[in-house]
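Okay, so here's the structure we're looking at.
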DNA sequence: ATATAAGTTAAAGAATACTTTAAGTCAATA
DNA sequence: TATTGACTTAAAGTATTCTTTAACTTATAT
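Residue numbers (our numbering), protein chains in the order written: chain D, 2 to 145; chain W, 2 to 145.
Here it is in structure tokens:
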């Protein structure tokens with residue numbers, strides 16, 4: 002069973018032009034063509050595209066993804082390299098999550114700040130608060 | 002105590018050109034100038050820049066940040082709007098973290114896959130594995 | 001057989017976030 | 001006072017990731 006670029010795009014919820022772009026950039030060397038030159042996506046190709054989507058969504062640039070795909074084409078001699086790429090990306094993602102959690106704390110503090118300002122009717126009122134009025138977890142954001 | 006653009010950039014670990022760009026885009030209306038036209042960053046301006054960095058790192062575009070900054074300039078009449086922006090961004094970040102965690106699982110599966118391939122000396126060997134050989138948490142990534 | 005929808009390519013365009021360049025000014029030190 | 005390093009601006013350049021356009025072809029449905 003095969004899918005055209007439009008069908009595959011719909012299933013993956015991306016634009017057909019995006020899939021053509023990935024192909025042009027060398028990310029889809031495994032996608033075969035019909036006699037007339039039309040791309041024929043197999044079920045397994047969609048799995049590859051899901052991995053590509055995962056790597057993309059976790060910040061890997063197209064060129065990095067291309068390197069990984071090229072490794073899989075080369076075969077078993079690149080197992081170490083592929084593992085290395087994935088381990089690095091894993092650490093990368095762990096750090097991104099940590100970073101986002103830290104940023105979330107700051108945003109939470111600001112939400113608390115404006116909720117408090119909302120009740121008081123002004124932001125000026127907050128500067129008057131004593132340290133005791135600030136929840137413990139937000140104290141680290143206070144400037145002296 | 003004031004800092005020049007170069008000093009502020011060093012403290013925030015960004016390029017001076019980035020700070021000038023933010024200024025040009027209207028993100029730093031609070032930064033004052035010397036008689037000669039040189040930017041004078043106050044301690045409090047650096048706090049603002051940390052918030053800008055937080056919003057940027059969590060995916061808010063320059064224009065969105067500009068909107069928030071403009072609200073703070075307008076004053077107390079925009080407390081609701083600012084709170085709305087921050088709450089939306091908060092939800093945004095929560096979703097990003099969830100997404101990254103989901104992607105991390107897929108990467109973890111792939112790491113397991115290539116570690117197993119590494120031991121076997123080939124990826125072909127993995128396709129021969131029975132479902133029992135695949136850790137429970139990775140089974141959802143198996144294609145039938 | 002023919003019309004039509006969707007496919008193809010190359011090339012140009014768009015959006016975002018900066019960086020670099022060029023020409024000139026400011027401010028601190030010798 | 002003169003030099004020097006860092007500042008200023010406007011404008012152009014860069015990188016990335018697609019999208020759009022134009023001209024043409026393929027494949028399907030009547």
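For glycine and all other residues, C-beta sits at the position ideal for the given N, C-alpha and C. The model shown is predicted, which means the values in this text are computed figures rather than measured ones.
Proximity of residue 115 of chain D to chain W, defined by a Cβ-Cβ separation below 8 Å, is satisfied. Residue 42 of chain W carries a strand assignment under DSSP once its states are collapsed to helix, strand and coil. Looking at the backbone, the Cα of residue 87 of chain D and that of residue 108 of chain W are separated by about 7 Å. DSSP places residue 18 of chain D in the uninterrupted alpha helix (DSSP H) bounded by 17 to 25. Residue-level contact check: residue 141 of chain W does not touch chain D, since none of the beta carbons of chain D fall below 8 Å from its beta carbon. Secondary structure in the region 47 to 119 of chain D: the alpha helix (DSSP H) runs of 4 residues or longer, each lying completely within the stretch, are 63 to 75 in chain order. Put simply, the CB of residue 135 of chain W is far from chain D, with every gap to its CB atoms at 8 Å or more. The beta-bridge partner set that DSSP reports for residue 4 of chain D consists of D:42.
Look at residue 68 of chain W: its C-beta is not under 8 Å from any C-beta on chain D.
By the rule that beta-carbons nearer than 8 Å mark a contact, residue 15 of chain D does not touch chain W. Among the bridge pairs identified by DSSP, residue 33 of chain D is matched with D:41. Among the residues facing chain W, residue 48 of chain D is included, as its CB has a counterpart in that chain under 8 Å away. Nearest to residue 80 of chain W by alpha-carbon distance, out of D:112, D:65 and D:76, is D:112. With a threshold of 8 Å between beta carbons, residue 87 of chain D makes contact with chain W. The beta carbon of residue 55 of chain W sits closer than 8 Å to some beta carbon of chain D. Against chain D, the CB of residue 12 of chain W has no partner CB under 8 Å away; the residue lies outside that interface. Per the C-alpha coordinates, the member of D:132, D:74 and D:98 positioned closest to residue 30 of chain D is D:74.
By the CB criterion at 8 Å, residue 83 of chain W and residue 115 of chain D fall inside the cutoff.
With its beta carbon less than 8 Å from one in chain D, residue 112 of chain W belongs to the interface. Using a CB distance cut-off of 8 Å, residue 9 of chain W does not count as an interface residue toward chain D.
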